[in-house]
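**Q**
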Amino acid sequence: MESAEKTIELADEQATEALGAAIAACLAPGAAVTLTGDLGAGKTTLARGAVRALLGQVEVPSPTFTLVQTYETPGFELWHADLYRIEHEDELDELGLEDAFEDAACLVEWPERLGPRLPERRLDVRLSFAEGGGRRAALTAHGEFWVGRLEQI
Numbered sequence: 000m001e002s003a004e005k006t007i008e009l010a011d012e013q014a015t016e017a018l019g020a021a022i023a024a025c026l027a028p029g030a031a032v033t034l035t036g037d038l039g040a041g042k043t044t045l046a047r048g049a050v051r052a053l054l055g056q057v058e059v060p061s062p063t064f065t066l067v068q069t070y071e072t073p074g075f076e077l078w079h080a081d082l083y084r085i086e087h088e089d090e091l092d093e094l095g096l097e098d099a100f101e102d103a104a105c106l107v108e109w110p111e112r113l114g115p116r117l118p119e120r121r122l123d124v125r126l127s128f129a130e131g132g133g134r135r136a137a138l139t140a141h142g143e144f145w146v147g148r149l150e151q152i
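Taking numbering that gives the first Met the number 0, the leading residue of the sequence shown gets 0, the next gets one more, and so forth.
1. Quick one: complete alpha helix (DSSP H) runs, 4+ long, within the segment 53-113?
2. Quick one: Cα of residue 9 to Cα of residue 34, how far?
3. Count the CB pairs spanning the segment 134-147 and the segment 70-77 that are closer than 8 angstroms, and state whether there are at least three.
4. Among 53, 82, 129, 37, which has the Cα closest to the Cα of residue 17?
5. Are the CB atoms of residue 113 and residue 5 nearer to each other than 8 angstroms?
6. Report the three-state DSSP secondary structure of residue 156 (helix, strand or coil).
7. What number of angstroms, rounded off, separates the C-alpha of residue 68 from the C-alpha of residue 62?
8. Give the secondary structure of residue 119 by DSSP, where H, G and I count as helix, E and B as strand, and everything else as coil.
9. Could you please give me the residues that DSSP links to residue 32 through a beta bridge?
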């Protein structure tokens, strides 16, 4: 499968939200974005930027306790999942993520909890702390859909 990589320096929270907005501009049904990084690295901030880019200044709660938040955008359903609290793969059966990966656009925090259910066609965003207080986003595009859009981000 085709893949490509890109690294982006993020000076502050606004830059992280702007990256989320740039990713949102590429979303379509069946588009999956995984968000990894330590606690506090900016995963939810990036997801919030994506949701707000599509829907305006709406309330975007972290789905840490609900596990999934869904949003109706003009062109598709958007799922924001936070799998941090998933302890066993069987718990994923109840969420319906596999269907969402086909029909909706999905932003998934803590995607390593998906195990073999991780979609092949996806954009991986690894957020890390950079020297000087900013963040660094390492993007890896998997599949033609994301490789073709990586330069737009």
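Note that the Cβ used here is the ideal one computed from N, Cα and C, for glycine as well.
Everything numeric in this text was worked out from a predicted model, so none of it was measured.
**A** In short:
1. Runs of the alpha helix (DSSP H) inside the segment 53-113: 96-102.
2. Looking up residue 9 in the sequence shown gives position 10. Looking up residue 34 in the sequence shown gives position 35. Using only the alpha carbons, I get a separation of about 15 angstroms.
3. By the Cβ criterion, the segment 134-147 is not in contact with the segment 70-77, since fewer than three pairs of Cβ atoms, one from each stretch, lie closer than 8 angstroms.
4. Counted from its first residue, the sequence shown places residue 17 at position 18. For residue 17, the nearest C-alpha among the options comes from 53.
5. Here residue 113 corresponds to residue number 114 of the sequence shown, with the count starting at 1. Here residue 5 corresponds to residue number 6 of the sequence shown, with the count starting at 1. Against a cut-off of 8 angstroms, the Cβ pair of residue 5 and residue 113 comes out as no contact.
6. The displayed coordinates of the chain run from 0 to 152. Any statement about residue 156 would go beyond what the structure contains.
7. Residue mapping note: residue 68 aligns to position 69 of the sequence shown, counting from 1. Residue mapping note: residue 62 aligns to position 63 of the sequence shown, counting from 1. Computed Cα separation, rounded: 6 angstroms.
8. Working through the sequence shown from its first residue, we reach residue 119 at position 120. If DSSP states are grouped into helix, strand and coil, residue 119 belongs with coil.
9. Here residue 32 corresponds to residue number 33 of the sequence shown, with the count starting at 1. For residue 32, which the question treats as bridged, DSSP gives the partners 106, 122.
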